[in-house]
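Take the sequence shown: its position 265, counting from 1, is numbered 480 in our numbering, and each next residue is one higher. A short write-up of the structure that comes next.
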Amino acid sequence: MGCASVKFWTRSRFEGCNVLKQKVNPTRIPIEGKESFRWTENLRQSTELLDDSECCVHIGDRESDIYELFSVAESLRTRFLVRTCVDRLAESGECTINMKMAEAQVDGIHRVEIRDNKGKPSMAILVVKYQKIRVLPPAGKSKNYPPLTLTVVHARERGEPLQRERIEWKLITNLAIGSFEAAIEKLNWYAMRWKIETFHKILKSGCKAEESKLRTSERLTKLVAVLCIVSWRVFWLTISNRASPDAPATHALTPLESEILNQLVRTNPNSDRSKGTVVFYLTKLAQLDGYLARRNVPPPGNMVIWRGLSRFTDIQMGFLMGSKTYG
216 MGCASVKFWT RSRFEGCNVL KQKVNPTRIP IEGKESFRWT ENLRQSTELL DDSECCVHIG
276 DRESDIYELF SVAESLRTRF LVRTCVDRLA ESGECTINMK MAEAQVDGIH RVEIRDNKGK
336 PSMAILVVKY QKIRVLPPAG KSKNYPPLTL TVVHARERGE PLQRERIEWK LITNLAIGSF
396 EAAIEKLNWY AMRWKIETFH KILKSGCKAE ESKLRTSERL TKLVAVLCIV SWRVFWLTIS
456 NRASPDAPAT HALTPLESEI LNQLVRTNPN SDRSKGTVVF YLTKLAQLDG YLARRNVPPP
516 GNMVIWRGLS RFTDIQMGFL MGSKTYG
């Protein structure tokens with residue numbers, strides 16, 4: 216399905232953590248007593264499931280910038296690529312990661328196309344540098360975790376862009392980076408992490424998982440498990456419509472689903488060339504939500520596909536019930 220690990224948890228288990236932080240240094244609190252413990256658990260579960268630790272790369276945002284996660288990944292001989300926000304002690308402890316990176320030479324310039332807050336495209340020029348650094352554990356946990364030799368990649372945009380924030384990524388990884396091209400590859404890998412945010416947006420805004428009124432955790436767990444499958448399918452259909460529009464319709468839909476869509480939505484004469492393809496039928500699916508299938512209109516997004524699929528599911532259910540009742 217694409218989900219290697221799912222963690223169900225409730226914040227009530229960690230009640231009082233914020234009060235505790237006011238009295239105790241957070242770095243001295245064992246990872247098992249923090250909400251962030253789920254990151255290491257998910258890393259273990261997904262690595263075990265995929266059964267090939269050295270080929271796994273666990274990508275996370277700043278919330279997963281946890282030294283314990285780095286150590287667990289090293290012990291499991293798996294890989295991670297995390298956007299870092301903590302300026303840890305480095306080398307012999309007399310400097311920090313940011314101090315070392317400030318002294319590092321620029322390795323190259325990378326250009327990426329990006330859109331501002333109004334959707335206007337522009338070209339961003341990134342100054343990229345990388346360096347292998349000996350990273351030290353937090354002082355309160357130095358007896359439990361050893362120093363690690365990791366590679367840090369910094370990418371910072373030149374100048375101050377209009378209508379959007381400046382791009383500034385600080386990544387840390389145990390992947391081998393021996394060239395500028397390899398550093399750019401890791402930046403591109405991290406950029407793919409946004410698909411995880413899209414998946415959760417569909418789960419929350421489309422499937423409305425947070426608005427459920429179920430009374431027990433067991434029922435809620437089963438509901439979210441099903442909604443994860445629905446969210447994955449919506450996201451996968453949207454991506455398939457853009458990445459492989461000319462693939463056969465059976466790549467995304469069953470023959471019955473295609474036949475029902477043929478009866479529901481009139482075929483556009485201009486789409487005869489794409490008949491029988493993914494884009495042909497997913498356009499019909501989006502039209503159930505009012506999507507205008509014109510030439511200059513962008514392909515349907517996740518929410519349009521979600522609403523079209525939601526309506527189509529009800530119609531298909533009625534069709535199947537009617538065929539059983541009336542033959």
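Quick reminder that beta carbons are idealized off the backbone N, C-alpha and C, glycines included. Since the model is a prediction, treat every value here as computed from it, not as a measurement.
Distances from the alpha-carbon of residue 528 to those of 491, 468, 481, 494 put 468 closest. About 6 angstroms separates the Cβ atoms of residue 254 and residue 281, confirming a contact at the 8 angstroms cut-off. Here residue 458 is exposed, its C-beta having fewer than 16 other C-beta atoms within 10 Å.
Counting only runs that start and end inside the segment 375 to 421, the beta strand (DSSP E) elements of at least 3 residues fall at 383 to 388. Around the beta carbon of residue 288, a 10 Å sphere encloses 16 or more other beta carbons of the protein chains shown; the residue is thus reported as buried.
Per the DSSP secondary-structure output, residue 346 pairs in a beta bridge with 367. Judged by pairs of C-beta atoms under 8 angstroms, the segment 361 to 369 touches the segment 385 to 395, as three or more such pairs exist. Comparing alpha-carbon positions, the option among 395, 420, 383, 424 lying closest to residue 406 turns out to be 383. Comparing alpha-carbon positions, the option among 265, 448, 401, 511 lying closest to residue 413 turns out to be 448. Taking residue 224 as reference, the option from 506, 436, 311, 298 with the minimal CA-CA separation is 436. Boundaries of the beta strand (DSSP E) around residue 294: 294 to 298.
Looking from the CA of residue 385, the closest CA among 443, 445, 316 belongs to 316.
The criterion of a C-beta distance shorter than 8 angstroms is not satisfied by residue 325 and residue 411.
Each residue's CA atom was taken as its position, placing residue 251 and residue 333 some 35 angstroms apart. Annotation: residue 291 to residue 423 spans about 36 angstroms, alpha carbon to alpha carbon.
The beta carbon of residue 381 sits closer than 7 angstroms to those of 372, 375, all from its chain and outside the five residues before and after it, given in chain order. Runs of the alpha helix (DSSP H) lying entirely within the segment 253 to 329, each at least 4 residues long, are 282 to 291, 312 to 318 in chain order. Around the beta carbon of residue 321, fewer than 16 other beta carbons sit within 10 angstroms, so the residue counts as exposed.
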